[in-house]
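See structure below.
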């Protein structure tokens, strides 16, 4: 009877006496017959029993859950089962890795543009400063009739 | 004997006569005994046979391959089997989705910076143009002793 008062779902389905130390009883309660039915259909009660016996007690609940998950997947998709989900996820990972690589390349491009802009910024300032000086210089030239700067004329006189 | 001259790997392991229409023979050749041994250990020959019988002929090769894959995964990881790979891949997808979201947010930030810069560019040009005019205007003022532009003086005379 396992831990309960009625035979576990496994023993009920297999129509056998549910012993006190039944290996299935802790994981297949009588109120959830479908859980055992699907692992029995896919793996077989004998194989499930052997797999559980080979594991320490603390790992058995996870093993049962993963077997139920696998069996459900095989029931839904009799051709690919869990492998269909793995293939789908692997494709998703590949697609995301490509999208991430493209995004990272775009970020790198932006960063290089910013670096180039910040590197040329002082030069631009200097160029603008030079340009202002040219304006000033041209403005100075308005003082002479022939367009040559007066300052240069003075210099030529002093030289 | 299936398609070959010797019993298939399944019939050899199960020690039975390999009939001409053996359901295992096309997928479990005698030179690869391990392939059947693992699906037999995990699913059981009877379940594999039933699962194949429920599928059309053209889907059976894929079904066998996915069962071999699942059985191998369960042999390697008796607790989680294929579900371990699914959990790993799901975590990888979540991590990649987060990284992609962060990268896309960074790209959006760069794009907004660029838009802001291009929107302010004409204003910057105009400001610089104005600045040059100021220089010119200041340069003109050099012509007068008191610093007021001569042009303005003429205008005031003509008005």
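Chains as they are written, first to last, in full-length UniProt numbering: chain A, 1 to 159; chain B, 1 to 159.
For every residue, glycine included, the Cβ atom is placed at its ideal position computed from N, Cα and C.
The structure presented is a predicted model; accordingly, all values stated were derived computationally and were not measured.
What number of angstroms, rounded off, separates the C-alpha of residue i from the C-alpha of residue j?
i, j, result
"residue 72 of chain B", "residue 38 of chain B", "7 angstroms"
"residue 137 of chain A", "residue 115 of chain B", "No answer about residue 137 of chain A holds up, because its pLDDT of 45 lies below 50 and its placement is not dependable."
"residue 60 of chain A", "residue 110 of chain A", "52 angstroms"
"residue 77 of chain B", "residue 84 of chain B", "8 angstroms"
"residue 14 of chain B", "residue 20 of chain B", "16 angstroms"
"residue 45 of chain A", "residue 107 of chain A", "55 angstroms"
"residue 58 of chain A", "residue 112 of chain B", "54 angstroms"
"residue 23 of chain B", "residue 95 of chain B", "43 angstroms"
"residue 3 of chain B", "residue 26 of chain A", "Since pLDDT at residue 3 of chain B reaches only 48, below the 50 mark, its modelled position is unreliable, and no value is offered."
"residue 65 of chain B", "residue 52 of chain B", "12 angstroms"
"residue 11 of chain B", "residue 35 of chain B", "13 angstroms"
"residue 117 of chain B", "residue 117 of chain A", "11 angstroms"
"residue 79 of chain B", "residue 17 of chain A", "27 angstroms"
"residue 134 of chain B", "residue 120 of chain B", "Caution is warranted here: a pLDDT of 43 is assigned to residue 134 of chain B, below 50, making its placement in the model unreliable, and the coordinate value is therefore given only provisionally. If I take the Cα positions, the gap works out to 21 angstroms."
"residue 90 of chain A", "residue 67 of chain B", "18 angstroms"
"residue 28 of chain A", "residue 49 of chain B", "26 angstroms"
"residue 40 of chain A", "residue 70 of chain A", "12 angstroms"
What in chain A is Cβ-close to residue i, meaning under 9 angstroms?
i, result
"residue 46 of chain B", "44"
"residue 82 of chain B", "66, 69, 70, 73, 81, 82, 83, 85, 86"
"residue 23 of chain B", "The contacting residues do not exist; residue 23 of chain B stays about 15 angstroms from chain A at best."
Which same chain residues, not among the five before or five after residue i, have their C-beta less than 8 angstroms away from its C-beta?
i, result
"residue 74 of chain A", "42, 81, 82"
"residue 32 of chain A", "9"
"residue 87 of chain A", "80"
Mind listing the chain A neighbours of residue i? Cutoff is C-beta to C-beta under 7 angstroms, in chain order.
i, result
"residue 14 of chain B", "The contacting residues do not exist; residue 14 of chain B stays about 14 angstroms from chain A at best."
"residue 103 of chain B", "100, 103, 104, 107"
Cβ closer than 9 angstroms: which chain B residues qualify as neighbours of residue i?
i, result
"residue 161 of chain A", "What is shown of chain A runs 1 to 159, which leaves residue 161 of chain A out entirely."
"residue 78 of chain A", "51, 54, 55, 59, 63"
What residues of chain B sit near residue i, judged by a beta carbon separation below 7 angstroms?
i, result
"residue 96 of chain A", "93, 96, 97, 100"
"residue 90 of chain A", "89"
Identify, in the order they occur along the chain, each residue of the same chain with its Cβ nearer than 7 angstroms to the Cβ of residue i, setting aside the five sequence neighbours on each side.
i, result
"residue 139 of chain A", "Any reading at residue 139 of chain A must be qualified, since the residue scores a pLDDT of 43, below 50, and its modelled position is unreliable; the value itself is stated next. Cβ neighbours of residue 139 of chain A beyond the five flanking positions: none."
"residue 30 of chain B", "4, 6, 7, 8, 9, 12"
"residue 92 of chain A", "none"
Report all residues from its chain with a CB closer than 6 angstroms to the CB of residue i; omit the five preceding and five following residues, and keep chain order.
i, result
"residue 55 of chain B", "63"
"residue 47 of chain A", "none"
What in chain B is Cβ-close to residue i, meaning under 8 angstroms?
i, result
"residue 26 of chain A", "Near residue 26 of chain A there are no residues of chain B at all, since even the closest Cβ is about 16 angstroms away, more than 8 angstroms."
Worksheet item: What residues in the segment 52-69 of chain A have a beta carbon less than 9 angstroms from any beta carbon of chain B?
Response: 54, 55, 59, 60, 62, 63, 65, 66, 67, 69
Worksheet item: Taking one C-beta from the segment 97-114 of chain A and one from the segment 102-121 of chain B each time, how about it: are there three or more such pairs within less than 8 angstroms?
Response: yes
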